[in-house]
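Chemist:
Right, here's the structure in full:
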């Protein structure tokens, strides 16, 4: 009796194969898995491709006696976040944030799905998004409250002033939420919403000061109207005109693409600081007319000072990125 031919093994990449029937009409191979010690005979129907061969060629599937199974390993899933060096240069705004970036996805549905996992924009997205969602019902509740019979002196102008503030806040929150979410879509989308994000900050700042001027001079309609009309009186520019001028200048600056680059970060901060500082004019004028005690007690000046402190702190953190130094 002729001794059966011993199998000859050859290795190719991660495959171990045996030439079982080299002369048959349909060559047969045997694949051995070193992890499970399983040995499987496979009927090859097409040419097999090695991983190092041309990736543009179609990859072959084989049929084994265990059922249909691909010899090629499934490609590893794309990571949800990547490092700083894996993103385009225009997205590298902060060199201290070295990881957690979302890969570029030119698909809005894929971008929206990033709400479901952590990345370095999660905090920015949700802090603005939650505020944008909760503000409309909160504003509605406030407006219904002040329309009650216990507030007999509330006028239509009061509702207008409240709505100016609520609408400006909603504009800022919603624009910022969309900007931080859409940033990984494309350069064009990022630039569009970055401009709207910066403009939303201007709208909120101006929308805060206009009701403030109204209530600071609530008991003096003459001074109230003077501060509302954009005029020069006695060589001094009135408060509202300064606010509107600074807001318009800031809005014009952020419309320039060059002004939104990393190099002009501190210039953007300076523009916002100047816009915020313009609110001191009606406050100082109120102190001059009514006195400090009245302004602190009745005009809400202390809350405006807290607001300015928060605005200034936010601008400072944005300018020098203090929080990013110890935790890159």
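Numbering (the UniProt record's numbering), first residue to last: 1 to 328.
Note that CB positions come from ideal geometry on N, CA and C, so glycine has one too.
Whether or not the segment 171–178 and the segment 200–211 are in contact is what I'm after, with contact meaning three or more pairs of Cβ atoms, one per stretch, closer than 8 Å; do they touch?
Modeler: As far as the Cβ criterion goes, the segment 200–211 touches the segment 171–178, which means the pair count is three or higher.
Chemist: Please state whether DSSP places residue 82 in a helix, a strand or coil.
Modeler: Residue 82: strand per DSSP, three-state reduction.
Chemist: So, residue 315 versus residue 287, is the Cβ gap smaller than 8 Å?
Modeler: Not closer than 8 Å, so no.
Chemist: Below 8 Å, can you find three or more Cβ-Cβ pairs linking the segment 209–218 to the segment 266–286?
Modeler: The segment 209–218, when compared against the segment 266–286, does touch it at the 8 Å Cβ threshold.
Chemist: Looking only at its own chain, which residues have a Cβ that is under 7 Å from the Cβ of residue 196, when we skip the five neighbours before and after it?
Modeler: Closer than 7 Å at Cβ, skipping near neighbours: 175, 179.
Chemist: Count the other CB atoms within 10 Å of the CB of residue 299; is the residue buried (16 or more) or exposed (fewer)?
Modeler: Counting Cβ neighbours within 10 Å, residue 299 comes out buried, since at least 16 surround it.
Chemist: Applying the criterion that 16 or more other CB atoms from any shown protein chain within 10 Å of the CB defines a buried residue, is residue 121 buried or exposed?
Modeler: Flag for residue 121 reads buried.
Chemist: Considering only the alpha carbon of each residue, which of 225, 305, 216 lies closest to residue 290?
Modeler: Nearest option by C-alpha distance: 216.
Chemist: According to DSSP, simplified to helix, strand and coil, what is residue 151?
Modeler: Residue state, collapsed to three classes: coil.
Chemist: Might you give, ordered along the chain, the residues of its own chain that have their beta carbon closer than 6 Å to the beta carbon of residue 124, omitting 5 neighbours on each side?
Modeler: The residues are 180.
Chemist: Cα separation between residue 140 and residue 100?
Modeler: Residue 140 and residue 100: Cα-Cα distance of roughly 38 Å.
Chemist: Can you tell me where the alpha helix (DSSP H) with residue 161 in it begins and where it stops?
Modeler: From DSSP, the alpha helix (DSSP H) with residue 161 extends over 156–182.
Chemist: Can you tell me whether residue 11 is buried or exposed, with buried defined as 16 or more other CB within 10 angstroms of its CB?
Modeler: Annotation note: pLDDT 41 at residue 11 (below 50); position unreliable, no value reported.
Chemist: Would you decide whether residue 193 is buried or exposed? Buried here means 16 or more other CB atoms lie within 10 Å of its CB.
Modeler: It is buried - the Cβ of residue 193 has at least 16 other Cβ atoms within 10 Å.
Chemist: Give a yes or no on whether the C-beta atoms belonging to residue 127 and residue 102 are separated by under 8 Å.
Modeler: Taking 8 Å as the Cβ cut-off, residue 127 and residue 102 do not qualify as a contacting pair.
Chemist: Assuming residue 108 and residue 187 are in contact, meaning their beta carbons sit under 8 Å apart, how far apart are those beta carbons, in whole angstroms?
Modeler: No, residue 108 and residue 187 are not in contact; Cβ-Cβ is about 15 Å, not under 8 Å.
Chemist: Would you tell me roughly how many angstroms separate the C-alpha atoms of residue 168 and residue 157, rounded to the nearest one?
Modeler: So the alpha carbons of these two residues sit roughly 17 Å apart.
Chemist: If you count every other CB in all the chains shown that lies within 10 Å of the CB of residue 114, and 16 or more means buried, which is it?
Modeler: With 16 or more other Cβ atoms within 10 Å, it is buried.
Chemist: Assign residue 268 to one of two classes, buried (16 or more other C-beta atoms within 10 Å of its C-beta) or exposed (fewer than that).
Modeler: It counts as buried.
Chemist: Please report the straight-line C-alpha distance between residue 150 and residue 225, rounded to a whole angstrom.
Modeler: Distance between the alpha carbons of residue 150 and residue 225 is about 28 Å.
Chemist: Suppose you measure from the CA of residue 160 to the CA of residue 144; what does that come to, to the nearest Å?
Modeler: Rounded to whole angstroms, residue 160 to residue 144 spans 13 Å at the Cα level.
Chemist: For residue 101, does the three-state DSSP call read helix, strand or coil?
Modeler: Note: residue 101 maps to strand in three-state DSSP.
Chemist: Can you tell which of 275, 133, 208, 319 has its C-alpha closest to the C-alpha of residue 177?
Modeler: Looking at the Cα atoms, 133 is the closest of the given residues.
Chemist: Measuring only the C-alpha atoms, how far is residue 79 from residue 86?
Modeler: Those two C-alpha atoms are separated by around 11 Å.
Chemist: Going by Cα to Cα distance, which pick from 94, 138, 152 is closest to residue 165?
Modeler: Among 94, 138, 152, the Cα nearest to that of residue 165 belongs to 138.
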